[in-house]
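Novice:
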């Protein structure tokens, strides 16, 4: 098969006619498939049935520290939940606050808190004229939505194979005091699946921020979410690197069990320095009396310890890996020689990132939708939903069963082909 | 027994000596008792054992609307949880957002949201020079802590038998555009146990606020928390009254099941107009993907419906009522004729409010502490922890078992007597 760009106009027109017919046919099938969001599948959720035996009427509800988990208290989480999340997040339990069910909520509140109260004594951001965040792209739409809601200016930073373009990051952070943060998904990044190299992490840790209240927003959402394909990525622990580099307070690290137990019913935590913890505690002690300790207890007793949690992730991987194999296999097979796009082949996380020919992403996503396949909106992976190349599409393969995924991918590659041919004929 | 104020100096000195000896004796016992916070007792918590059977490995986790409660989604709560909370809060399900585990957290976030984003299009409060909240006193310390943290000026409003002094409320709200809110616990108020009269609620509903973003922060924490002593208080439903009075958007109503199921592991909700709901949804859709739907499902399936919840509250009352009887009985018996204080005798809620002779509250609380009985801090029931009369003490009788409560009350009345005698001898 030739590259599309090497086809003559007549060849393209013939191809277009053929693809249009296939597409019409696909549309007539009335499919309803979804590859839009990083949701665990029913099969993954069913695997967790024993979770609902963890606490029962005969349970002892006391924490290790002798706290009745059915009553008020323990603002920063019960000891054993802090220990579990500390192990998961590779820090000490002293550096952990366990919150409620959502790390996104912690991130939002962390930015909201900075807007209203500053960071460890700095001027509240709402009193400043201009606040800026750096945004490695493509990235996670919900991060960008937070900073957008607060009117924070977002600056695109290219995300390379080894992490964000650190020359640009250093240039901004070390010189512009309005730059107060950077959004990072450092491992199996959303959507590209990239894991930051040791060199990148060390350069992060050695930043010399112009703003004392600059923080790295380190959303390590996929820290143990390997595909177990024999090629697990390793990420250097950044809190420790920051300590070594003399920047102990520079990171807020976020994590949750949303994709370990249940989205919406997991536990989430913040990991950061003792200084930052003290500041955050002072604020949140007014915001709540405490989070759901029974759910913390459920998690600890379900997994026993971090080893239990990791073993558990292997079972998730057994379900997820064939789906990633199908995505990458299908793209390789169907598009591999056509020169109409590139895609990632990650070792973990929840996404495959697809880059279409420039100017094609919106068309592909809207054609997919027309044929009954919902994708993440084109542009979603960029601040303000503006992908300057209209090229990036996030593929989320985990939710559909493998049969549905195959059908959805069939539509997707068809739409990529057709949109690319249309583009070439326009050009 | 004579009133203390009618005793001669010699009689007071003799009494002081005797009380001092009793107090010394009490201190030597090494008691560790707590009447500080409104916590359910172990007996109440044990009563809920079946809650932990509600969801089990064999459960169907689908909501009525066909949503898998183990996965992401349903930002404002599953239909059946909205229905349950709507019944509890006497509004329509359309007027409900079910949040996480804490109504305090909803209140905090509601104020924080107003600071950052205004209310339904008004100027964000953080951009204004001065924001004021009215605070009926004595009131709930955690309300005052929220407004204090945001630098909102708090104005004391006397809380009478039928609710706040509405002449003052109208004067402030209808004339001062800096007045953006009032904190209310309208039923079995914390700490006085007062329930607002129909007249008071109607006057609230008919306010003509100078500020378009003025809202009533209606914390109906004890809506179904009767003592079932045959004298249940009734409270007019304020959303409905506000609609009738042409002020449909003027109230944020808060409630939770913290003292129905478990503190920290209940579900909490906001009830408000469709307009306000739309505004809040726009903001919180960025803050979180959704709250804990499994816990919502547990609550719905545990209670079946609002009737089930109300029946359940009668069982709580069976445990709580004897404690209130003991408090009020002990105060009547020990202090009834001494003229050293007044106290409430509520029909529900979690507190008895005690007013000592002016200038005695701090001393009483600190003497109690010395003797091993922790009370809510004196002043806590006033903004900035400043009780102008140093008189009010909140008694929280629910947590200790009845034997411990009796011991704690013995110490308390002793300290009231001694502090009062000391005061009279000073004066």
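Chains as they are written, first to last, in the numbering used here: chain A, 45 to 471; chain B, 45 to 471.
Positions of the beta carbon are idealized from the N, C-alpha and C atoms, including for glycine.
Predicted model only: the values in this text are computed from it and were never measured.
(1) To the nearest angstrom, how far is it from the Cα of residue 292 of chain A to the Cα of residue 359 of chain B?
(2) Would you check if the distance between the CB atom of residue 234 of chain A and the CB atom of residue 184 of chain A is smaller than 8 angstroms?
(3) Can you give me the C-alpha to C-alpha distance between residue 205 of chain A and residue 241 of chain A, rounded to a whole angstrom?
(4) Whole angstroms is fine: what's the gap from residue 367 of chain B's alpha carbon to residue 154 of chain A's?
(5) Residues in the stretch 91-106 of chain B with C-beta within 7 angstroms of chain A's C-beta atoms, listed in sequence order?
(6) What does residue 156 of chain B reach in chain A if we use C-beta pairs closer than 7 angstroms?
(7) Could you list which residues in chain B have their beta carbon closer than 7 angstroms to that of residue 149 of chain A, in chain order?
(8) Of all the CB atoms in chain B, is at least one closer than 8 angstroms to the CB of residue 86 of chain A?
(9) For residue 83 of chain B, which of helix, strand or coil comes out of DSSP?
(10) For residue 421 of chain A, go through chain B and note every residue whose CB falls closer than 7 angstroms to its CB, in chain order.
(11) Looking at C-alpha atoms only, which residue of B:75, B:187, B:325, B:87 is the closest neighbour of residue 426 of chain B?
(12) Closer than 8 angstroms by C-beta to residue 276 of chain A: which residues in its own chain qualify, once you throw out the five before and the five after it? Chain order, please.
(13) Give a yes or no on whether 8 angstroms exceeds the smallest Cβ distance from residue 224 of chain B to chain A.
(14) Using a Cβ-Cβ distance cut-off of 8 angstroms, determine whether residue 235 of chain B contacts chain A.
(15) Please state the DSSP three-state secondary structure of residue 470 of chain A.
(16) If we cut at 8 angstroms on Cβ distances, does residue 352 of chain B have a partner in chain A?
(17) How long is the line joining the alpha carbons of residue 297 of chain B and residue 402 of chain A, rounded to whole angstroms?
(18) Look at the alpha carbon of residue 249 of chain B and the alpha carbon of residue 294 of chain B, and state the distance between them as a whole number of angstroms.
(19) Compare the C-alpha of residue 324 of chain B against each of A:76, A:410, A:193 and name the closest.
(20) Is the CB of residue 170 of chain A under 8 angstroms away from at least one CB in chain B?
(21) Buried or exposed: where does residue 428 of chain A fall if 16 or more other Cβ atoms within 10 Å of its Cβ makes it buried?
(22) Given 8 angstroms as the limit, is there contact between the stretch 162-175 of chain B and the stretch 342-353 of chain B, that is, 3 or more CB pairs closer than that?
(23) From residue 119 of chain B to residue 441 of chain B, what does the alpha carbon distance come to, in whole angstroms?
(24) Would you say residue 114 of chain A reaches chain B, if we count a Cβ-Cβ gap shorter than 8 angstroms as a contact?
(25) Among the candidates A:445, A:419, A:404, A:449, whose CA atom is the shortest distance from the CA of residue 433 of chain A?
(26) Mind checking whether residue 89 of chain B and residue 115 of chain A have CB atoms under 8 angstroms apart?
(27) For residue 248 of chain A and chain B, any beta-carbon pair shorter than 8 angstroms?
(28) Under 7 angstroms Cβ-Cβ, which residues of chain A neighbour residue 291 of chain B?
(29) Under a CB-based cut-off of 8 angstroms, is residue 441 of chain B close to chain A?
(30) For chain B, check one thing: does any of its Cβ atoms lie closer than 8 angstroms to the Cβ of residue 269 of chain A?
(31) Starting from residue 409 of chain A, trace the alpha helix (DSSP H) both ways and give me its first and last residue.
(32) Can you confirm whether the stretch 87-103 of chain A touches the stretch 88-102 of chain B when touching is taken to mean that 3 or more C-beta pairs between the two stretches lie within less than 8 angstroms?
(33) Excluding the 5 residues flanking residue 256 of chain B on each side, which residues of the same chain have their C-beta closer than 7 angstroms to its C-beta?
(34) Restricting to Cα atoms, I'd like to know which of A:457, A:148, A:261, A:159 is closest to residue 171 of chain A.
(35) Residues in the stretch 301-326 of chain B with C-beta within 7 angstroms of chain A's C-beta atoms, listed in sequence order?
(36) Going by DSSP in three states, residue 58 of chain B sits in which element: helix, strand or coil?
Specialist: Concretely, from the data shown:
(1) 52 angstroms
(2) Yes; because the gap between Cβ atoms is below 8 angstroms, this pair is in contact.
(3) Going from the Cα of residue 205 of chain A to the Cα of residue 241 of chain A covers about 8 angstroms.
(4) 42 angstroms
(5) 93, 94, 96, 97, 99, 100, 101, 103
(6) 156, 160
(7) 331, 332
(8) yes
(9) Residue 83 of chain B falls in the coil class under three-state DSSP.
(10) What residue 421 of chain A touches in chain B: nothing, since even the nearest Cβ is about 15 angstroms away.
(11) B:187
(12) 270, 391, 392
(13) no
(14) no
(15) The answer is helix: DSSP assigns residue 470 of chain A an H, G or I state.
(16) Judged by the 8 angstroms Cβ criterion, residue 352 of chain B is not in contact with chain A.
(17) 50 angstroms
(18) 8 angstroms
(19) Measuring from the Cα of residue 324 of chain B, the nearest candidate turns out to be A:193.
(20) yes
(21) It counts as exposed.
(22) Contact between the stretch 162-175 of chain B and the stretch 342-353 of chain B is absent, because fewer than three Cβ pairs lie under 8 angstroms.
(23) 37 angstroms
(24) Against chain B, the CB of residue 114 of chain A has a partner CB under 8 angstroms away; the residue lies at that interface.
(25) A:404
(26) yes
(27) no
(28) Within chain A, no residue comes near residue 291 of chain B; the closest Cβ sits about 28 angstroms away, beyond 7 angstroms.
(29) no
(30) no
(31) 405-414
(32) yes
(33) 166
(34) Closest by alpha carbon: A:159.
(35) 306, 307, 308, 309
(36) helix
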